[in-house]
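So the structure is just underneath, and the comments pick up after that.
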């Protein structure tokens, strides 16, 4: 079965917690990709808080955690895709969102870009691209 993982960054000040690390929560439909990405993010100095398998759980966690950043796959397990999940999260939060997708479908990308995300990355995700986007937002 597919898994969706949602990466939320939660922080105390300007995107950083007391240890100086961004705390993350990831939405990804492939379990192995999520695990590898989680390890890469951890190695890059981010703290992965928790993984959840669906958009529905991501919404619930976003309400509970008040994240500072969401890394969201477009295709998710459950009833909601990443774009609908992000739309619902934005209805109660101003959290910035970075979308990622394994598909370069221009219609899907255009729909995602209507939500004004921080970025839209094509998988395989390069940590350098993610880091550049995050730093440009939180360090400015």
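Numbering (this note's numbering), first residue to last: 12 to 151.
Idealized CB from N, CA, C, for every residue including glycine.
Exposure of residue i, with buried meaning 16 or more beta-carbon neighbours within 10 Å
i	result
residue 93	buried
residue 147	exposed
residue 117	exposed
residue 124	exposed
residue 150	exposed
residue 73	buried
residue 115	exposed
residue 50	exposed
residue 22	Reliability of the predicted coordinates at residue 22 is poor, the pLDDT of 34 falling under 50, and no value is obtained from them.
Through-space distance from residue j to residue i, alpha-carbon basis
i	j	result
residue 8	residue 71	An answer regarding residue 8 cannot be provided, because it is not within the stretch 12 to 151 covered by the chain.
residue 138	residue 96	23 Å
residue 9	residue 58	Here the chain comprises residues numbered 12 to 151, so residue 9 is not present and cannot be evaluated.
residue 54	residue 42	18 Å
residue 52	residue 136	11 Å
residue 48	residue 90	23 Å
residue 46	residue 129	23 Å
residue 62	residue 82	11 Å
Where the alpha helix (DSSP H) through residue i begins and ends
i	result
residue 44	42 to 54
residue 118	117 to 124
residue 145	138 to 149
residue 100	93 to 101
First through last residue of the beta strand (DSSP E) which encompasses residue i
i	result
residue 130	130 to 133
residue 112	108 to 112
residue 80	80 to 84
Cβ pair residue i, residue j closer than 8 Å
i	j	result
residue 134	residue 112	yes
residue 101	residue 80	no
residue 33	residue 60	no
residue 69	residue 38	yes
residue 86	residue 40	yes
residue 108	residue 132	no
residue 106	residue 78	yes
Local conformation of residue i per DSSP, three classes
i	result
residue 58	strand
residue 72	helix
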